[in-house]
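Residue numbers (my numbering): 754 to 1003.
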């Protein structure tokens, strides 16, 4: 692992490893890792597929793109593949059209429930005093609750609320195939379709980054589920749009 937050791994050759389809050596595959969308598994898979992987995350030993020096950005450009909690536009500002962009979306209700469980398990403010889902969703300062999947695809800066024009922009980017979008609920098929993944099997897939706190749809009331749905209304529209496109390609 480099000091600049890159992960360096040898690619293990052998049975079950398939070559990605025609990714040019001059094009960098970039994965936009939206939180709580199977990204921990995806990151491990990408790190095993490529020799030098650049990681852009807010937690050490990594850094957000905004915190990188010019030298670190140049280092990032030399990586074989890149993944991180960054918006499409943050990556595009570095790579432009010299990269191929990928992401995976998740049903927004399930993503928010997973994020709620994660917050109750790991956030200091909730570690010793849990709150109900309804109370959690009232936090207007938490951008993770504000249609984060639309934000990651449209590039709306943090601190600004998401609106319908952002949804339209995100859908336009997807419709033009600027970003290849997979669906977590069809993870196996998404892995098989997206060229960034060299290993196409899911035989060794296990749930990762699972929270100790364990609410699910089945343990929530209809009113609570509707609250999650309402809080992510624009994400729901984006997800439905991308799911329809995904299923039409079967």
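Glycine residues also receive a C-beta, built at the ideal position from the N, C-alpha and C atoms. Since we're looking at a predicted model, the values are computed, not measured.
Between residue i and residue j, what straight-line distance do the alpha-carbon atoms span, to the nearest angstrom?
i, j, result
"residue 962", "residue 827", "Unreliable positioning characterises residue 962 in this predicted model, as indicated by a pLDDT of 45, which lies under 50. The coordinate reading is nonetheless provided below. Going by the C-alpha atoms only, they are around 30 Å apart."
"residue 815", "residue 952", "25 Å"
"residue 779", "residue 851", "7 Å"
"residue 896", "residue 929", "27 Å"
"residue 781", "residue 948", "11 Å"
"residue 884", "residue 868", "13 Å"
"residue 863", "residue 808", "25 Å"
"residue 999", "residue 993", "10 Å"
"residue 969", "residue 877", "22 Å"
"residue 1002", "residue 940", "15 Å"
"residue 945", "residue 997", "18 Å"
"residue 761", "residue 976", "Annotation note: pLDDT 43 at residue 761 (below 50); position unreliable, no value reported."
"residue 971", "residue 829", "42 Å"
"residue 1004", "residue 904", "Because the chain in this structure spans residues 754 to 1003, residue 1004 falls outside the shown range and cannot be described."
"residue 792", "residue 859", "11 Å"
"residue 984", "residue 978", "10 Å"
"residue 954", "residue 803", "16 Å"
"residue 831", "residue 973", "46 Å"
"residue 898", "residue 907", "16 Å"
"residue 818", "residue 911", "14 Å"
"residue 942", "residue 849", "27 Å"
"residue 888", "residue 879", "12 Å"
Give me the residue from the options with the minimum Cα distance to residue i.
i, options, result
"residue 841", "894, 993, 934, 992", "934"
"residue 923", "832, 821, 829, 988", "988"
"residue 810", "788, 824, 802, 801", "788"
"residue 926", "804, 845, 817, 819", "845"
"residue 950", "975, 819, 854, 822", "854"
"residue 821", "833, 843, 805", "843"
"residue 833", "801, 861, 824", "801"
"residue 995", "931, 974, 983", "931"
"residue 825", "812, 847, 943", "847"
"residue 890", "880, 873, 817", "873"
"residue 806", "812, 796, 849", "796"
"residue 982", "917, 861, 875", "861"
Would residue i and residue j qualify as a contact pair, given that the criterion is a beta-carbon distance under 8 Å?
i, j, result
"residue 980", "residue 886", "yes"
"residue 1005", "residue 790", "Residue 1005 lies beyond the stretch modelled for the chain, which goes from 754 to 1003, so this question has no answer here."
"residue 838", "residue 786", "yes"
"residue 866", "residue 836", "no"
"residue 856", "residue 794", "no"
"residue 901", "residue 909", "no"
"residue 920", "residue 990", "yes"
Have a look at the DSSP bridge pairing and note the partners of residue i.
i, result
"residue 837", "785, 809"
"residue 853", "782"
"residue 858", "936"
"residue 888", "In DSSP, residue 888 forms no bridge with anything."
"residue 816", "809"
Uninterrupted alpha helix (DSSP H) stretches inside the segment 873-922 (no shorter than 4 residues): 877-880, 886-890, 901-907
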